[in-house]
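Residue numbers (the working numbering), protein chains in the order written: chain R, 31 to 430; chain B, 3 to 253.
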């Protein structure tokens, strides 16, 4: 496999050695933490595509999501009866602002909050331990929709929440995730949109003392999907694992931005995103920012992005950034690699009797297998490999 | 009993300097149970012959035929050739990250037989073949060729040959870069498979050393894209003594 590899171990870094490995010209001059956050739209001009956080984005397709006006449509929610200790409530726009863990970080999510017509709040009472995952399906009928969601997990609660997006929509959202003291949340966001969906989402999670968040993102569908996830480690001893799996075929643009903010001492973070690309115009972007603030001594962080390019013409961008403001850390590293499943590998497998389509499946299965096991929701894990193989079948149908 | 027949094979490749003809009319017939050694200097086209038979897309067949038991091999796709019974042990086996050896072997066996092998006998077969080739059982869980040493890669190729049971096996410089111990293990493996399955072997080599371990029935000297001379094992001894200079000065 042709691989470009980029690995850095910052375990023994000192404050003045903080640096980034942007693929393009310059790392952001200012700290990632200095970017504006606001519910006020004026703070965010309409992106042109030249801004640092939009420069890899499909800005043209996302343009409807930058328009400051109400929309008619909405996503249809289906959700099973909620177990004791879990409530789903409607929250006014004003209250939703108050209860969000952060203000929006870009124009699309600010507009999502402003025109959502109010938020929905999924609230888990303190101390509740919910065994069965709570599954919410959000289905689009092709119209424009805006959403604001609050996920609030009370202290010492444990819960898994799976949110699946299906159908089609031009959709933007702002999701606030509040993980209380010593609580554990496993949040899975599945993007299994139809081919023409356009989706921009911002997820901002805040972890209190000793809180644990496992967040998985699976993006298979949609024309354009742009997810911007922030995890603020705001309480000592908190820990976050962010997993991502994406598969882009021709005509798809999938962008995953991450920001892990180590604000306080003794927190841990792991980011593991893997993507496969097939088809001439398949495009993926991964940007992983980690900030270790001056106060965040004893931080242990590692982020990794791997991309597997299956056919010519696909393009994967991968940009890890690490800002370190203290040298007193346990470990900090990142790795980024993009490999190509090339003609020689294909020939080798086929010369053993393995057909072209089976060869691709073999490689893709191997590539994603470990990651799928990390999601931690068996109901999701089970169907996922099949869904990925269906993606591969579609690629081959396109080839013929 | 199987027969691979190569008739007047001409093969070219595209290079930055234009199309270059590498094979210039190769005739060769290989029967089951026979070992044909193809010997020749670097650049004489030995590997091109191997890859052309296996169907590598880089090589263009401009004329000639290759048949296996009368079936037109050149009409077949790469995987169809493998299913028909042609096996190529590569000089530089390719790494396939993320795919374990055991998964790869089972997938290949299933593809070639058209059905999954019976689990119990399969596991036993893999284990005993690996033991014969002095391969650590932990090998099965490693990714295909990833981080393998040169000798490990070659043993892994012979392991595949043993498990996939081809009719005709082409060994492309399987001996290159091996120390004597590894060479002996690999050669014993080839002899064992031949005794067991009566496979026909096309043994491509630059050196005569492997012929101390695997006795050829026929030796063909390959020069400038065609067979310049052929004979029995005694021809190899003469090459050992005289080298390829005789052919090169003539050409």
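Here a beta-carbon is modelled for each residue, glycine too, at the ideal position from N, C-alpha and C.
Proximity of residue i and residue j at Cβ, strictly below 8 Å
i	j	result
residue 154 (chain R)	residue 187 (chain R)	yes
residue 134 (chain B)	residue 165 (chain B)	no
residue 172 (chain B)	residue 39 (chain B)	no
residue 178 (chain B)	residue 93 (chain B)	yes
residue 86 (chain B)	residue 73 (chain B)	yes
residue 165 (chain R)	residue 196 (chain R)	no
residue 64 (chain B)	residue 13 (chain B)	yes
residue 185 (chain B)	residue 152 (chain B)	no
residue 226 (chain B)	residue 46 (chain B)	yes
residue 144 (chain R)	residue 126 (chain R)	no
residue 206 (chain R)	residue 234 (chain R)	yes
residue 350 (chain R)	residue 337 (chain R)	no
residue 203 (chain R)	residue 101 (chain R)	no
residue 32 (chain B)	residue 11 (chain B)	no
residue 137 (chain R)	residue 77 (chain R)	yes
residue 156 (chain B)	residue 34 (chain B)	no
residue 100 (chain B)	residue 224 (chain B)	no
residue 174 (chain B)	residue 384 (chain R)	no
residue 229 (chain B)	residue 30 (chain B)	yes
residue 319 (chain R)	residue 228 (chain R)	no
is_contact[residue i, chain R] using C-beta, thresh 8 Å
i	result
residue 90 (chain B)	yes
residue 195 (chain B)	no
residue 158 (chain B)	no
residue 182 (chain B)	no
residue 95 (chain B)	yes
residue 74 (chain B)	no
residue 8 (chain B)	no
residue 63 (chain B)	no
residue 155 (chain B)	no
Closer than 8 Å to chain B by CB, residue i
i	result
residue 382 (chain R)	yes
residue 7 (chain R)	Residue 7 (chain R) cannot be examined here, being either before or after the span of chain R that is shown, 31 to 430.
residue 393 (chain R)	yes
residue 375 (chain R)	yes
residue 379 (chain R)	yes
residue 396 (chain R)	yes
residue 305 (chain R)	no
residue 385 (chain R)	yes
residue 266 (chain R)	no
residue 54 (chain R)	Caution is warranted here: a pLDDT of 40 is assigned to residue 54 (chain R), below 50, making its placement in the model unreliable, and no coordinate value can be reported.
residue 252 (chain R)	no
residue 388 (chain R)	yes
residue 423 (chain R)	no
residue 274 (chain R)	no
residue 58 (chain R)	The predicted model places residue 58 (chain R) with a pLDDT of 48, which falls under 50 and marks its position as unreliable; any figure quoted below should be read in that light. Not one chain B Cβ lies under 8 Å of residue 58 (chain R).
Assumed close pair residue i, residue j - CB separation to whole angstroms, cut-off 8 Å
i	j	result
residue 422 (chain R)	residue 390 (chain R)	6 Å
residue 379 (chain R)	residue 98 (chain B)	7 Å
residue 216 (chain R)	residue 176 (chain R)	About 26 Å separates the two Cβ atoms, so there is no contact after all.
residue 205 (chain B)	residue 37 (chain B)	6 Å
residue 135 (chain R)	residue 65 (chain R)	6 Å
residue 280 (chain R)	residue 251 (chain R)	Rounded, the Cβ-Cβ distance is 13 Å, inconsistent with contact.
residue 232 (chain R)	residue 87 (chain R)	With a Cβ gap of about 13 Å, residue 232 (chain R) and residue 87 (chain R) do not count as contacting.
residue 146 (chain R)	residue 123 (chain R)	7 Å
Distance cut-off 7 Å: residue i Cβ against heavy atoms of the ligand MN
i	result
residue 134 (chain R)	Of ligands this structure carries none, so the ligand MN is not represented either.
Inter-residue spacing [alpha-carbon to alpha-carbon] between residue i and residue j
i	j	result
residue 405 (chain R)	residue 417 (chain R)	15 Å
residue 53 (chain R)	residue 52 (chain B)	Any answer about residue 53 (chain R) is weak, because its pLDDT of 43 lies below 50 and its placement is not dependable; what the coordinates show is given next. The alpha-carbon atoms of residue 53 (chain R) and residue 52 (chain B) are separated by roughly 41 Å.
residue 402 (chain R)	residue 381 (chain R)	29 Å
residue 76 (chain B)	residue 315 (chain R)	42 Å
residue 354 (chain R)	residue 311 (chain R)	36 Å
residue 98 (chain R)	residue 62 (chain B)	60 Å
residue 57 (chain R)	residue 172 (chain R)	Because the pLDDT of residue 57 (chain R) is 47, which lies under 50, any placement of that residue in the model is unreliable, and the question is left without a value.
residue 20 (chain B)	residue 119 (chain B)	46 Å
residue 44 (chain R)	residue 365 (chain R)	Confidence in residue 44 (chain R) is poor, its pLDDT being 43 and thus under 50, which makes the residue's placement unreliable; the coordinate value appears in the next sentence. One C-alpha to the other measures close to 19 Å.
residue 196 (chain B)	residue 203 (chain B)	8 Å
residue 90 (chain B)	residue 201 (chain B)	13 Å
residue 17 (chain B)	residue 58 (chain B)	15 Å
residue 96 (chain B)	residue 105 (chain R)	48 Å
residue 191 (chain R)	residue 248 (chain R)	14 Å
residue 222 (chain B)	residue 198 (chain B)	25 Å
Using 8 Å as the cut-off, can you tell me whether the region 207–219 of chain B makes contact with the region 227–241 of chain B, which would need three or more C-beta pairs spanning the two stretches below that distance? yes
Does the contact criterion of 3 or more C-beta pairs under 8 Å hold for the region 386–402 of chain R versus the region 224–240 of chain R? no
Pair every Cβ in the region 331–347 of chain R with every Cβ in the region 24–37 of chain B, then say whether three or more of these pairs are closer than 8 Å. no
Does the structure place the region 113–121 of chain R close enough to the region 139–156 of chain R that three or more beta carbon pairs sit under 8 Å? yes
Could you say if the region 255–263 of chain R and the region 283–291 of chain R meet the contact criterion of at least three C-beta pairs nearer than 8 Å? Using a Cβ-Cβ distance cut-off of 8 Å, the region 255–263 of chain R and the region 283–291 of chain R are in contact, since at least three pairs of beta carbons, one from each stretch, lie closer than that value.
At a cut of 8 Å, does the region 112–119 of chain B reach the region 140–148 of chain B through at least three beta carbon pairs? no
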